[in-house]
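Trainee: Sharing a structure, written as structure tokens. Questions coming.
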């Protein structure tokens with residue numbers, strides 16, 4: 001299970017670890033430890049490198065030189081074959097649309113909930129949070145069949161909106177938890193000032209609270225997006241027709257296909273991992289800014 | 001995705017004052033805030049609560065998904081108690097806990113301390129951050145894709161692992177890693193360690209920033225060696241994070257589905273079956289919806305109980321700590 005926590009962003013390359021200035025003399029054992037850490041990193045990264053190398057190899061090249069050599073000449077047919085076989089742009093769009101919708105809707109719901117819980121301090125708020133968190137904790141199988149039946153009845157089965165609705169609820173459970181604690185420490189003076197100026201509750205929420213907490217909201221949007229993108233069981237069950245599948249589902253479904261040669265499989269893995277890597281690299285900065293400004297923790 | 005934030009922490013908000021942060025100028029006083037909970041509650045009701053209760057009900061029925069469910073009392077539960085396949089699946093969950101919780105947490109603790117305390121100090125924060133990002137890499141992959149990456153490496157004919165083994169003269173060790181019952185579970189455990197390891201490293205490194213460097217200096221002056229400092233300063237200060245990681249990963253381990261589905265579909269035989277996959281296959285392959293619901297409900301009960309026990313233990317530990 002891909003587990004990503006917001007804490008991920010607390011330390012960042014831009015913030016060199018605190019103790020850097022105390023850099024002292026390096027002994028032999030220091031170098032040995034560094035070497036061990038690097039070798040360990042290389043082992044973890046090895047599968048990525050192997051995939052990268054073999055995605056650009058022809059099956060003949062693979063057969064003669066094996067999986068570890070560099071390709072003798074660049075070969076794009078494996079990638080092209082997979083790209084066309086699953087209609088990759090369509091899958092990319094499905095994943096993008098579902099994850100984007102979920103990210104936005106789940107943040108809206110989280111803001112509403114957290115406004116009532118964190119700012120409004122409604123009675124029983126601890127229990128409300130615990131209740132919502134069930135959505136995050138439960139195994140999805142415990143909801144799967146009833147949801148499958150319900151969505152079939154209302155004609156949303158095999159429709160991307162079924163998945164969007166489900167994940168909006170699941171992700172907003174975490175958002176509610178996180179935002180409630182952020183809003184619970186919202187500067188009271190700002191709220192009082194706005195209230196004295198005659199702003200209504202709705203105006204205070206949309207014109208004061210949301211703009212001030214925007215960095216935290218951005219973090220949530222990004223996490224919800226990535227989490228939804230990586231989901232498997234529910235998209236697998238609900239999006240059965242080819243045209244509705246997401247990237248991970250379409251790749252996994254094709255694995256059973258005996259016609260896939262070894263380099264095409266490799267290419268499919270490469271195409272599956274590139275989008276997530278790109279998000280990760282693009283959003284690292286936003287995530288840090290969000291954490292420091294929103295003081296999440 | 002499997003993030004379960006710590007409920008224990010929300011205790012902090014409980015003790016704060018009961019007043020709304022907004023002065024009571026708007027309509028309806030504090031109660032007016034309930035309006036804002038309506039959309040969240042309505043969706044929660046439809047997507048979580050009703051299906052959950054329904055699923056529990058289904059666990060007491062015989063249902064093949066077409067004719068209406070037939071109430072059969074405890075029959076499914078009795079069958080479950082004697083179902084060796086079910087107990088095998090739970091046994092495999094323990095293997096998943098070893099691979100996704102115990103090994104990554106211990107290894108992650110060591111790696112985080114090493115990166116922060118030794119590599120970060122002697123070679124600069126950038127080197128440490130770069131290595132941390134490398135360890136984290138498998139975590140950003142969709143788990144289904146991660147499984148494919150590894151499945152491809154482990155394939156019996158001309159897979160990368162077998163080729164490497166042959167190349168370094170260990171050709172005798174070549175094996176159908178995922179296809180034979182003796183190694184399939186172990187192979188999946190390896191995959192899960194690879195996937196999970198980065199999570200504790202990142203969390204623990206963030207936590208280590210809280211440690212006051214003077215503590216280490218004082219301990220060093222008192223003659224404590226690295227291992228002693230690790231045990232008595234590092235581990236005790238980041239205990240809350242260790243708790244978070246252990247709880248979230250245990251729940252994730254019990255729920256694991258994607259890698260099993262993509263790599264082995266529970267096979268060969270039942271050697272890699274997990275409760276989550278077992279219930280899925282009862283729902284959609286065997287059309288035994290009632291029995292599938294029983295498995296899913298049992299899994300839910302285990303997860304909820306475990307979470308409660310975990311949080312109780314954590315609260316007790318916290319109290320003991322503050323009384324000291």
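Chains as they are written, first to last, in UniProt numbering: chain A, 1 to 297; chain B, 1 to 324.
The beta carbon of each residue, even a glycine, is placed where N, CA and C say it ideally should be.
So what's residue 241 (chain B) in DSSP terms, helix, strand or just coil?
Mentor: helix
Trainee: Which residue from B:237, B:196, B:235 and B:240 puts its Cα closest to that of residue 253 (chain B)?
Mentor: B:196
Trainee: For a contact meaning CB atoms closer than 8 Å, what does residue 189 (chain B) contact in chain A?
Mentor: Those do not exist, as residue 189 (chain B) stays about 14 Å from chain A at its closest Cβ, beyond 8 Å.
Trainee: I want to see whether chain B comes within less than 8 Å of residue 132 (chain A), judged by CB atoms only; does it?
Mentor: Yes - at least one Cβ of chain B is within 8 Å of the one on residue 132 (chain A).
Trainee: Between residue 213 (chain A) and residue 91 (chain A), what straight-line distance do the alpha-carbon atoms span, to the nearest angstrom?
Mentor: 33 Å
Trainee: Quick one: list the residues of chain A neighbouring residue 300 (chain B), beta-carbon separation under 7 Å, in chain order.
Mentor: 138, 139 and 142
Trainee: Along the segment 142 to 153 of chain B, what residues have a CB closer than 9 Å to any CB found in chain A?
Mentor: 142, 143, 144, 145, 146, 147, 148, 149, 150, 151, 152 and 153
Trainee: Taking the alpha carbon of residue 166 (chain A) as the reference point, which residue from A:217, A:176 and A:135 has its own alpha carbon closest?
Mentor: A:135
Trainee: Below 7 Å CB to CB, which residues in the same chain sit around residue 272 (chain A) once its five sequence neighbours on both sides are set aside?
Mentor: 247, 248 and 251
Trainee: Counting only C-beta atoms, is residue 218 (chain A) closer than 8 Å to chain B at any point?
Mentor: no
Trainee: Quick check: is the beta carbon of residue 255 (chain A) nearer than 8 Å to any beta carbon in chain B?
Mentor: yes
Trainee: Roughly how many angstroms separate the alpha carbons of residue 144 (chain B) and residue 30 (chain B), rounded to a whole number?
Mentor: 46 Å
Trainee: Just checking my contact of residue 201 (chain B) with residue 111 (chain B) at CB under 8 Å: how many whole Å lie between their CB atoms?
Mentor: Contact holds; Cβ gap of about 5 Å.
Trainee: When the Cα atoms are used, what is the spatial distance from residue 242 (chain A) to residue 114 (chain A)?
Mentor: Between residue 242 (chain A) and residue 114 (chain A), the C-alpha separation is close to 38 Å.
Trainee: Measuring alpha carbon to alpha carbon, tell me which of A:142, A:66 and A:158 ends up nearest residue 304 (chain B).
Mentor: A:142
Trainee: If you measure from the beta carbon of residue 193 (chain A) to each beta carbon in chain B, is any gap under 8 Å?
Mentor: no
Trainee: For a contact defined as C-beta to C-beta under 7 Å, what are the partners of residue 30 (chain A) on chain B?
Mentor: 118 and 122
Trainee: For residue 276 (chain A), go through chain B and note every residue whose CB falls closer than 7 Å to its CB, in chain order.
Mentor: Under the 7 Å cutoff, chain B gives 140, 141 and 142.
Trainee: Run down chain B in chain order and give the residues with a C-beta less than 7 Å from the C-beta of residue 266 (chain A).
Mentor: 152
Trainee: Given residue 19 (chain A), which residues of its chain have a CB within under 7 Å of its CB, disregarding the five upstream and five downstream residues?
Mentor: No answer about residue 19 (chain A) holds up, because its pLDDT of 47 lies below 50 and its placement is not dependable.
Trainee: Using DSSP's beta-bridge definition, name the partner residues of residue 61 (chain B).
Mentor: B:71
Trainee: For the putative contact between residue 119 (chain B) and residue 113 (chain B), defined by C-beta atoms under 8 Å, what is the C-beta separation to the nearest angstrom?
Mentor: That pair is no contact at about 10 Å.
Trainee: Is the beta carbon of residue 47 (chain A) less than 8 Å from the beta carbon of residue 149 (chain B)?
Mentor: yes
Trainee: Taking residue 240 (chain A) as the reference, give the member of A:194, A:162, A:178 and A:266 with the closest Cα.
Mentor: A:162
Trainee: Decide if the segment 46 to 59 of chain B is in contact with the segment 142 to 157 of chain A; the criterion is three or more beta carbon pairs, one per stretch, under 8 Å apart.
Mentor: yes
Trainee: With 9 Å as the limit, tell me which residues of the segment 238 to 251 of chain B have their beta carbon closer than that to any beta carbon of chain A; keep them in chain order.
Mentor: 241, 244, 245, 248, 249 and 251
Trainee: For residue 71 (chain A), which residues from the same chain have a beta carbon less than 7 Å from its beta carbon, with the 5 sequence-adjacent residues on both sides left out?
Mentor: 53, 56, 57 and 61
Trainee: Exposed or buried, which one is residue 229 (chain A) when buried takes at least 16 other CB atoms within 10 Å?
Mentor: Residue 229 (chain A) counts as buried, since no fewer than 16 other beta carbons sit within 10 angstroms of its beta carbon.
Trainee: Kindly indicate if chain A contains any beta-carbon less than 8 Å away from that of residue 68 (chain B).
Mentor: no
Trainee: Let me see if you follow: with CB-CB separation under 8 Å, is residue 286 (chain B) close to chain A or not?
Mentor: no
Trainee: Which chain A residues sit within Cβ distance under 7 Å of residue 23 (chain B)?
Mentor: Ordered by position in chain A, the residues that pass the 7 Å Cβ test against residue 23 (chain B) are 192 and 195.
Trainee: Would the C-beta of residue 130 (chain B) count as close to the ligand PLP, meaning under 7 Å from any of its heavy atoms?
Mentor: Ligands are entirely absent from the displayed structure, and the ligand PLP is therefore not among its contents.
Trainee: Quick one: is residue 212 (chain A) near chain B, going by C-beta distance under 8 Å?
Mentor: no
Trainee: What span of residues does the alpha helix (DSSP H) with residue 131 (chain B) cover, start to end?
Mentor: 125 to 140
Trainee: Does the Cβ of residue 227 (chain A) have 16 or more other Cβ atoms within 10 Å, making it buried, or fewer, making it exposed?
Mentor: buried
Trainee: Nearest chain A C-beta to residue 289 (chain B) closer than 8 Å, yes or no?
Mentor: At least one chain A Cβ lies under 8 Å of residue 289 (chain B).
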